[in-house]
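Asker: Below is the structure I would like to discuss, written out as structure tokens.
In the numbering used here, the protein residues as written are 55 to 168.
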């Protein structure tokens, strides 16, 4: 079992920046991929970004060049830096990891509004 706890959400103005973090605990030795998904109001959950255990990254087209995912294996933590935020980035952001099974955090709300 892996537990994921997100932090760092909040309210930010369009064009602003925000940093999210997600700490993993439990059977962390088996974690391979970590990442982020999001769910906007009234929409389904969508992929944002992932990072493998060796640091290889992938991004959704909608966030590429604006968001940066990183990972600290020593701290069992994955980060997401959100820059140049747009109102359409408003969503609950969920931390994700794969360790033979899929695990999800409870989510943290990011609201982009003036």
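No residue lacks a Cβ here, since even glycine has one placed at the ideal position from N, Cα and C.
All figures in this text were calculated on a predicted structure; none of them were measured in a lab.
Smallest Cα separation from residue 161: which of 154, 82, 146 and 75?
Answerer: Position 107 of the chain shown, counting from 1, holds the residue named residue 161. Residue 161 has its Cα closest to that of 146, out of 154, 82, 146 and 75.
Asker: Find the nearest neighbour of residue 164 within the set 136, 156 and 86, judged by alpha-carbon distance.
Answerer: Locating residue 164 in the chain shown gives position 110, where the first residue counts as 1. Per the Cα distances, 136.
Asker: At what residues does the beta strand (DSSP E) containing residue 105 begin and finish?
Answerer: Indexing the chain shown from 1 puts residue 105 at position 51. 99 to 105 is the span of the beta strand (DSSP E), which, as asked, contains residue 105.
Asker: Is the beta carbon of residue 122 sitting closer than 9 Å to the one on residue 76?
Answerer: Residue mapping note: residue 122 aligns to position 68 of the chain shown, counting from 1. Residue mapping note: residue 76 aligns to position 22 of the chain shown, counting from 1. In this structure, residue 76 does not lie closer than 9 Å to residue 122 by Cβ.
Asker: Do residue 139 and residue 166 have their C-beta atoms closer together than 9 Å?
Answerer: By 1-based counting over the chain shown, the position of residue 139 is 85. By 1-based counting over the chain shown, the position of residue 166 is 112. Against a cut-off of 9 Å, the Cβ pair of residue 166 and residue 139 comes out as a contact.
Asker: When you compare only the Cα positions, how much space is there between residue 59 and residue 149?
Answerer: Residue numbering aside, residue 59 sits at position 5 when the chain shown is read from its first letter. Residue numbering aside, residue 149 sits at position 95 when the chain shown is read from its first letter. Those two C-alpha atoms are separated by around 8 Å.
Asker: Would residue 63 and residue 72 qualify as a contact pair, given that the criterion is a beta-carbon distance under 9 Å?
Answerer: By one-based count along the chain shown, residue 63 stands at place 9. By one-based count along the chain shown, residue 72 stands at place 18. Contact: yes.
Asker: Would you mind working out which of 126, 65, 141 and 168 sits nearest residue 89, comparing C-alpha positions?
Answerer: Residue 89 sits at position 35 when you count from the first residue of the chain shown. Of 126, 65, 141 and 168, the residue nearest in Cα terms is 126.
Asker: Over what stretch of residues does the beta strand (DSSP E) that includes residue 77 continue unbroken?
Answerer: Translated into the one-based positions of the chain shown, residue 77 becomes position 23. From DSSP, the beta strand (DSSP E) with residue 77 extends over 72 to 80.
Asker: Excluding sequence positions up to five away, which residues of its chain have a Cβ less than 6 Å from the Cβ of residue 143?
Answerer: Counting from 1 along the chain shown, the entry for residue 143 is found at position 89. 166.
Asker: Can you grab the Cα-Cα spacing for the pair residue 117 / residue 108, in whole Å?
Answerer: Counting from 1 along the chain shown, the entry for residue 117 is found at position 63. Counting from 1 along the chain shown, the entry for residue 108 is found at position 54. It is roughly 22 Å from the alpha-carbon of residue 117 to the alpha-carbon of residue 108.
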